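Inspection log for the structure reproduced underneath, given as structure tokens.
Number of protein chains: 2
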Amino acid sequence: MLMLVDPHLLRTFVTVVAEGSFSAAADRLGYTQPAVSQQIAALEADLGVPLLTRRPVRPTRAGERLLEHAGPLLLRLRAARADVARMSARPRPLTVAAGPLALSAGTAAALSGVTTLRIAGAAEAVALVASGEADLALADGPAAPSDPLGLPDAGPLTIVGVREEELVVVLPEGHPLAGRAGLRLDDLADALWVDAPEVMPLDRLRAVARLDGLRTGMRYEGHDPAVAARLAAAGHGLTLLPASAAVCGVRVPLLAPRIVHRVELVHAALPPGPAAEVVRALTSAPLSASAS
Amino acid sequence: MLMLVDPHLLRTFVTVVAEGSFSAAADRLGYTQPAVSQQIAALEADLGVPLLTRRPVRPTRAGERLLEHAGPLLLRLRAARADVARMSARPRPLTVAAGPLALSAGTAAALSGVTTLRIAGAAEAVALVASGEADLALADGPAAPSDPLGLPDAGPLTIVGVREEELVVVLPEGHPLAGRAGLRLDDLADALWVDAPEVMPLDRLRAVARLDGLRTGMRYEGHDPAVAARLAAAGHGLTLLPASAAVCGVRVPLLAPRIVHRVELVHAALPPGPAAEVVRALTSAPLSASAS
DNA sequence: GGATTCGCATAAGCGATGCTGATGCTCGTG
DNA sequence: CACGAGCATCAGCATCGCTTATGCGAATCC
Numbered sequence: 001m002l003m004l005v006d007p008h009l010l011r012t013f014v015t016v017v018a019e020g021s022f023s024a025a026a027d028r029l030g031y032t033q034p035a036v037s038q039q040i041a042a043l044e045a046d047l048g049v050p051l052l053t054r055r056p057v058r059p060t061r062a063g064e065r066l067l068e069h070a071g072p073l074l075l076r077l078r079a080a081r082a083d084v085a086r087m088s089a090r091p092r093p094l095t096v097a098a099g100p101l102a103l104s105a106g107t108a109a110a111l112s113g114v115t116t117l118r119i120a121g122a123a124e125a126v127a128l129v130a131s132g133e134a135d136l137a138l139a140d141g142p143a144a145p146s147d148p149l150g151l152p153d154a155g156p157l158t159i160v161g162v163r164e165e166e167l168v169v170v171l172p173e174g175h176p177l178a179g180r181a182g183l184r185l186d187d188l189a190d191a192l193w194v195d196a197p198e199v200m201p202l203d204r205l206r207a208v209a210r211l212d213g214l215r216t217g218m219r220y221e222g223h224d225p226a227v228a229a230r231l232a233a234a235g236h237g238l239t240l241l242p243a244s245a246a247v248c249g250v251r252v253p254l255l256a257p258r259i260v261h262r263v264e265l266v267h268a269a270l271p272p273g274p275a276a277e278v279v280r281a282l283t284s285a286p287l288s289a290s291a292s
Numbered sequence: 293m294l295m296l297v298d299p300h301l302l303r304t305f306v307t308v309v310a311e312g313s314f315s316a317a318a319d320r321l322g323y324t325q326p327a328v329s330q331q332i333a334a335l336e337a338d339l340g341v342p343l344l345t346r347r348p349v350r351p352t353r354a355g356e357r358l359l360e361h362a363g364p365l366l367l368r369l370r371a372a373r374a375d376v377a378r379m380s381a382r383p384r385p386l387t388v389a390a391g392p393l394a395l396s397a398g399t400a401a402a403l404s405g406v407t408t409l410r411i412a413g414a415a416e417a418v419a420l421v422a423s424g425e426a427d428l429a430l431a432d433g434p435a436a437p438s439d440p441l442g443l444p445d446a447g448p449l450t451i452v453g454v455r456e457e458e459l460v461v462v463l464p465e466g467h468p469l470a471g472r473a474g475l476r477l478d479d480l481a482d483a484l485w486v487d488a489p490e491v492m493p494l495d496r497l498r499a500v501a502r503l504d505g506l507r508t509g510m511r512y513e514g515h516d517p518a519v520a521a522r523l524a525a526a527g528h529g530l531t532l533l534p535a536s537a538a539v540c541g542v543r544v545p546l547l548a549p550r551i552v553h554r555v556e557l558v559h560a561a562l563p564p565g566p567a568a569e570v571v572r573a574l575t576s577a578p579l580s581a582s583a584s
């Protein structure tokens with residue numbers, strides 16, 4: 001009697017869905033195609049439900065359900081291994097994952113001894129720390145003042161806020177609202193926005209502000225905040241950035257809803273060493289809302 | 293190359309630690325003792341670290357680390373199976389898990405068609421829903437007004453607040469503070485409290501109130517709020533209860549910190565049926581702070 | 001519209017895994 | 001110091017899951 005879903009099957013399932021093909025998944029995982037075929041069959045037999053349609057290869061309803069579990073599950077599995085491994089690991093090159101807007105002058109100064117800096121979205125940054133690929137992460141995103149970012153739960157991680165900063169709306173020169181002293185987001189819900197999912201995802205903004213609008217004007221797929229600001233200044237759509245990252249355009253403070261840009265430090269339990277030093281440096285200063 | 297920790301080994305490991313013995317764990321799991329021995333050895337070989345001390349059988353530091361992951365991991369594994377199973381399950385006896393203080397007159401009325409009602413702490417209630425053993429849960433606990441309870445993440449569950457109620461301190465008649473119109477928790481940190489972990493855990497209260505005190509007078513291990521109130525009224529220690537549950541003693545509203553008793557409905561995605569009906573009944577009324 | 005090809009399913013074979021029962025060994029106990 | 005409880009080890013064997021080879025159905029192409 002199999003009570004526990006086999007994670008190998010789960011991983012194969014995820015890969016098949018991602019690749020959209022049994023054979024491609026087999027290649028990627030280093031199996032042969034029949035092995036994948038059998039694994040999927042085994043998983044479906046175990047759960048008693050078809051998980052994939054073949055030709056085209058797509059998840060069924062049940063398969064989509066399973067997918068929602070599979071990601072976090074596989075992450076935690078890697079996290080467990082990484083967490084135990086940290087116990088007996090000696091010093092190694094220090095890797096930090098940071099959100100695109102997480103590095104201010106203050107935080108950058110604290111990163112002494114860091115070998116590699118990797119830019120990653122909030123969820124990805126947490127995953128990197130949990131799985132041991134990064135030692136620390138500085139996740140960033142919009143949040144209500146002194147509220148935590150809703151970071152995904154990937155195991156016993158320490159999460160502390162390290163910075164909060166005022167958000168400003170970036171407008172092009174001459175925009176009708178450019179003269180205002182402050183703006184309400186509701187008034188801008190119908191305007192066109194620059195959707196920069198790797199800088200300041202509109203979805204998250206909508207969730208935090210409890211808003212439905214924010215139509216997309218131009219989409220920017222890079223993660224340089226300066227580019228987002230320039231696009232906004234050039235009139236391709238509005239954008240919302242922490243004051244210090246809005247390097248051009250007309251910057252008008254956001255009045256309502258009360259949302260700030262928050263940076264949180266994420267790390268596992270660390271043995272004494274350079275990583276722990278950086279954590280201390282980052283957390284020694286009290287969390288303060290630094291304007292501009 | 294094993295990249296993924298084998299959940300069977302994890303389950304065995306958890307059981308061995310819980311039982312404090314290889315042979316007892318073997319019994320419990322339906323294995324023989326050598327099987328357990330080999331599984332633990334395999335897990336230790338896989339992770340490259342000793343996880344248990346033998347004689348006495350106790351987790352090492354690394355083992356404790358692994359334990360923190362194991363629980364949530366195994367829960368999610370069961371949750372994944374349950375979630376997929378729900379897709380193809382036809383109606384069955386409706387089971388609801390509820391916190392000891394979650395059932396007011398209003399919520400009780402909404403539970404039509406429910407076969408079994410089970411009292412469980414917040415974390416346990418979530419686990420029951422995730423693993424499919426319960427269809428719905430009403431988790432309860434102290435929280436800042438309109439802040440969510442910090443329920444553990446056990447997968448894609450829907451969590452909505454359904455009630456918030458004022459908290460009162462229960463004092464014995466004639467207590468020096470019994471005449472007050474309201475009380476601050478800081479002033480009571482040094483008093484003796486009734487620790488009723490299954491009704492209103494002091495730990496959670498300390499966490500929410502950011503307080504260190506609250507000395508334990510008497511410990512009550514049942515989950516009847518009326519008993520907790522009676523113990524407080526009899527002078528065995530103070531207690532904090534939602535106004536409607538404080539059936540005796542002198543009841544003084546809590547003024548600071550601003551904490552309310554919150555009830556949240558937890559459920560997975562439900563196919564239409566009696567369970568979905570109950571959810572609708574519970575969520576149709578707007579969340580309102582009902583005094584007394 | 002028939003031939004072709006791409007891609008998943010099935011079959012047979014075989015090595016590896018992981019269980020059981022028997023036995024050895026070691027630490028804690030009286 | 002001797003005993004016993006309890007974990008480790010060993011040999012044997014069933015099962016599982018991978019590989020190679022092949023079957024088969026559905027799109028595609030001319």
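These protein sequences, in sequence, are chains A and B.
Just so we're aligned: the first sequence equals residues 1 to 292 in our numbering.
Just so we're aligned: the second sequence equals residues 293 to 584 in our numbering.
Where is the CB? At the ideal position from N, CA and C, for every residue including glycine.
What you are looking at is a predicted structure, and each value in this text was computed from that prediction instead of being measured.
Could you please give me the residues that DSSP links to A:Leu136 through a beta bridge?
To locate residue 136 of chain A, count along the first sequence from 1; it is residue 136. Per the DSSP secondary-structure output, A:Leu136 pairs in a beta bridge with A:Val96, A:His267.
Among residues of its own chain, excluding the 5 on either side of B:Ala568, which ones have a beta-carbon nearer than 7 angstroms to its beta-carbon?
Locating residue 568 of chain B in the second sequence gives position 276, where the first residue counts as 1. Cβ neighbours of B:Ala568 beyond the five flanking positions: Leu562.
For A:Thr32, which three-state DSSP category applies?
Counted from its first residue, the first sequence places residue 32 of chain A at position 32. Coil at A:Thr32, not helix or strand.
Identify each residue in the segment 64-87 of chain A for which the Cβ-Cβ distance to at least one residue of chain B is less than 9 angstroms, and report them in chain order.
Arg65, Leu66, Glu68, His69, Ala70, Pro72, Leu73, Leu74, Arg76, Leu77, Arg78, Ala79, Ala80, Arg81, Asp83, Val84, Ala85, Arg86, Met87
If we ignore side chains and look at the alpha-carbon of each, how far apart do A:Pro91 and A:Pro272 end up?
To locate residue 91 of chain A, count along the first sequence from 1; it is residue 91. To locate residue 272 of chain A, count along the first sequence from 1; it is residue 272. Each residue's Cα considered, the two are about 9 angstroms apart.
Residue-chain proximity (B:Leu296, chain A), Cβ-Cβ < 7 angstroms:
For the purposes of this step, residue 296 of chain B is taken as the residue at position 4 of the second sequence. Yes, because at least one Cβ of chain A sits closer than 7 angstroms to the Cβ of B:Leu296.
For A:Val84 and B:Val341, what's the separation of their Cα atoms in angstroms?
Along the first sequence, read from residue 1 onward, the residue named residue 84 of chain A stands at position 84. Along the second sequence, read from residue 1 onward, the residue named residue 341 of chain B stands at position 49. About 8 angstroms.
Does the segment 74-81 of chain A touch the segment 122-132 of chain A, meaning 3 or more C-beta pairs lie closer than 8 angstroms?
yes
Continuous beta strand (DSSP E) stretch holding A:Asp195: start and end
As a working mapping, residue 195 of chain A is identified with position 195 in the first sequence. Unbroken beta strand (DSSP E) run through A:Asp195: 192-195.
Applying a beta-carbon distance threshold of less than 7 angstroms, which residues of chain A neighbour B:Ala501?
To locate residue 501 of chain B, count along the second sequence from 1; it is residue 209. The premise fails here: B:Ala501 is roughly 16 angstroms from chain A at the closest Cβ pair, so nothing lies under 7 angstroms.
Do B:Ala526 and B:Leu393 have their beta-carbon atoms positioned less than 7 angstroms apart in this structure?
Working through the second sequence from its first residue, we reach residue 393 of chain B at position 101. Working through the second sequence from its first residue, we reach residue 526 of chain B at position 234. Not a contact, by the Cβ cut-off of 7 angstroms.
Between B:Asp516 and chain A, is any beta-carbon pair separated by less than 7 angstroms?
Start at 1 with the first residue of the second sequence, and residue 516 of chain B comes out as number 224. The beta carbon of B:Asp516 sits no closer than 7 angstroms to any beta carbon of chain A.
Nearest to B:Ala374 (by Cα), restricted to the options A:Thr158, A:Asp46, A:Leu111, A:Glu165
Along the second sequence, read from residue 1 onward, the residue named residue 374 of chain B stands at position 82. Of A:Thr158, A:Asp46, A:Leu111, A:Glu165, the residue nearest in Cα terms is A:Asp46.
Following the continuous beta strand (DSSP E) through B:Thr531, name the residue where it begins and the one where it ends.
Along the second sequence, read from residue 1 onward, the residue named residue 531 of chain B stands at position 239. Where B:Thr531 is concerned, the enclosing beta strand (DSSP E) stretches over 531-534.
Scan the segment 444-468 of chain B for residues whose Cβ lies nearer than 7 angstroms to a Cβ of chain A and list them as they occur along the chain.
Asp445, Gly447, Pro448
Indicate whether the contact test is met: 3 or more Cβ pairs, each with one atom in the segment 152-167 of chain A and one in the segment 207-219 of chain A, closer than 8 angstroms.
no
Is it right to say A:Arg251 is buried, meaning 16 or more other beta carbons lie within 10 angstroms of its own, or is it exposed?
Here the question's residue 251 of chain A lines up with position 251 in the first sequence. Label assigned to A:Arg251: buried.
Cβ of A:Val49 less than 7 angstroms from any chain B Cβ?
On the first sequence, residue 49 of chain A is found 49 positions in, with the first residue counted as 1. Yes - at least one Cβ of chain B is within 7 angstroms of the one on A:Val49.
Does the segment 300-320 of chain B come within contact of the segment 174-189 of chain A, defined as at least 3 CB pairs closer than 8 angstroms?
no
Suppose the cutoff is 6 angstroms on Cβ atoms and the five residues either side in sequence are ignored; what does the same chain contact list for B:Arg511 look like?
The residue you call residue 511 of chain B lines up with position 219 of the second sequence. Cβ neighbours of B:Arg511 beyond the five flanking positions: Asp487.
Between the beta-carbon of B:Ser315 and the beta-carbon of B:Gln325, is there less than 7 angstroms?
Mapped onto the second sequence, residue 315 of chain B falls at position 23. Mapped onto the second sequence, residue 325 of chain B falls at position 33. Their beta carbons are under 7 angstroms apart, which means B:Ser315 touches B:Gln325 by this criterion.
Who are the near neighbours of B:Ala318 in its chain, counting only those whose CB is closer than 7 angstroms to its CB and skipping five residues on each side?
Counting from 1 along the second sequence, the entry for residue 318 of chain B is found at position 26. Around B:Ala318: Thr324, Gln325, Ala327, Val328.
Listing by chain order, which chain A residues have their CB less than 8 angstroms from the CB of B:Ala354?
Residue numbering aside, residue 354 of chain B sits at position 62 when the second sequence is read from its first letter. Neighbours of B:Ala354 on chain A, chain order: Val84, Met87, Ser88.
Same chain, Cβ closer than 7 angstroms to A:Arg204, neighbours up to 5 away in sequence not counted
Your numbering for residue 204 of chain A matches position 204 in the first sequence. Excluding sequence neighbours, A:Arg204 sits near Gly141, Pro142.
Which two residues bound the contiguous beta strand (DSSP E) that contains B:Glu458?
If you number the second sequence from 1, residue 458 of chain B lands on position 166. Where B:Glu458 is concerned, the enclosing beta strand (DSSP E) stretches over 450-463.
Which value, in whole angstroms, describes the spacing of the CA atoms of A:Asp243 and A:Leu214?
As a working note, residue 243 of chain A is residue 243 in the first sequence. As a working note, residue 214 of chain A is residue 214 in the first sequence. The sequence shown places Ala at residue 243 of chain A, not Asp. Roughly 20 angstroms separates the two Cα atoms.
Under 7 angstroms between C-beta atoms, does B:Pro385 make it to chain A?
For the purposes of this step, residue 385 of chain B is taken as the residue at position 93 of the second sequence. B:Pro385 does not count as touching chain A.
Would A:Pro142 pass as an interface residue toward chain B - the criterion being a Cβ-Cβ separation below 7 angstroms?
Mapped onto the first sequence, residue 142 of chain A falls at position 142. False, the Cβ-Cβ gap to chain B never drops below 7 angstroms.
Coil, strand or helix - A:Met87 by DSSP:
What you label residue 87 of chain A is simply residue 87 of the first sequence in a count that begins at 1. Three-state DSSP puts A:Met87 in a helix.
Compare the Cα-Cα distances from A:Glu165 to each of A:Thr115, A:Asp6, A:Val263, A:Thr60 and report the closest residue.
Residue numbering aside, residue 165 of chain A sits at position 165 when the first sequence is read from its first letter. Closest by alpha carbon: A:Val263.
Taking buried to mean at least 16 other C-beta atoms within 10 Å of its own C-beta, is A:Glu44 buried or exposed?
By one-based count along the first sequence, residue 44 of chain A stands at place 44. Under this definition A:Glu44 is a buried residue.
Same chain, Cβ closer than 7 angstroms to A:Val260, five either side skipped, listed in chain order:
Position 260 of the first sequence, counted from the first residue, corresponds to residue 260 of chain A. Answer for A:Val260: Ala143, Pro145, Glu164, Glu165, Glu166, Leu167, Ala289, listed in chain order.
Chain B partners of A:Arg28, CB-CB under 8 angstroms?
In the first sequence, residue 28 of chain A corresponds to position 28, counting from 1. Residues of chain B passing the Cβ test: none, with the nearest at roughly 13 angstroms.
Does the beta-carbon distance from B:Arg410 to B:Ala381 come in below 7 angstroms?
Residue numbering aside, residue 410 of chain B sits at position 118 when the second sequence is read from its first letter. Residue numbering aside, residue 381 of chain B sits at position 89 when the second sequence is read from its first letter. The answer is no: Cβ separation not under 7 angstroms.
Pop quiz: B:Gly514 and B:Glu490 are said to be a contact at Cβ under 8 angstroms. What is the actual Cβ separation, rounded to whole angstroms?
Stepping through the second sequence from its first residue, residue 514 of chain B is reached at position 222. Stepping through the second sequence from its first residue, residue 490 of chain B is reached at position 198. The beta-carbon separation of B:Gly514 and B:Glu490, rounded to 7 angstroms, stays under the 8 angstroms limit for a contact.
If you drop the 5 nearest sequence neighbours on each side, which residues of the same chain put their C-beta closer than 7 angstroms to that of A:Ser284?
For this step, residue 284 of chain A is matched to residue 284 along the first sequence. For A:Ser284, where only same-chain residues beyond five positions count, there are no Cβ hits under 7 angstroms.
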